[in-house]
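Enquirer: Here the sequence shown is numbered in my numbering, starting from 848 and rising by one per residue.
Beta carbons: idealized from backbone N, C-alpha and C, even for Gly.
The model shown is predicted, which means the values in this text are computed figures rather than measured ones.
Submitted below is the structure of interest, expressed as structure tokens.
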Amino acid sequence: MATFLTTTDSSAAIERVIRDAEELSNMDKVRKQYPRAYLRWTTEEDALFLEMVDKGMARLAISDVLQRQPSAIASRHAKLRE
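This is how it looks when you write it as structure tokens:
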């Protein structure tokens, strides 16, 4: 049985493709400055992160070392200190 898309369905699909392409483009831009952005955190990164936090390092310094966005550092801190 054939399934046909309406004009509305087609427009929505096209908008999703465009939005996904824009998100990938933005991700590439962020990864130029923060190469580990959007990647899963490793156990080793978590241990290093907690060590740096315990030593009182600033969020931006931790961000530079771990190559992640400052917002990711803040989010990870909240998650690991729950």
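Taking the Cβ atom as the reference point for each residue, do R883 and R915 lie within a distance shorter than 8 angstroms?
Expert: What you label residue 883 is simply residue 36 of the sequence shown in a count that begins at 1. What you label residue 915 is simply residue 68 of the sequence shown in a count that begins at 1. It is a contact, given that the beta carbons lie within the stated cut-off.
Enquirer: First and last residue of the alpha helix (DSSP H) that includes L886?
Expert: By one-based count along the sequence shown, residue 886 stands at place 39. From DSSP, L886 is part of no alpha helix (DSSP H); its letter is neither H nor E.
Enquirer: Does the beta-carbon of A894 have 16 or more other beta-carbons within 10 angstroms, so that it is buried, or is it exposed?
Expert: Walking along the sequence shown from the start, residue 894 turns up at place 47. By the 10 Å Cβ count, A894 comes out exposed.
Enquirer: Relative to the alpha-carbon of S910, which residue among E892, A868, S858 has its alpha-carbon at the smallest distance?
Expert: Reading the sequence shown from its first residue, position 63 is the one you call residue 910. Closest by alpha carbon: E892.
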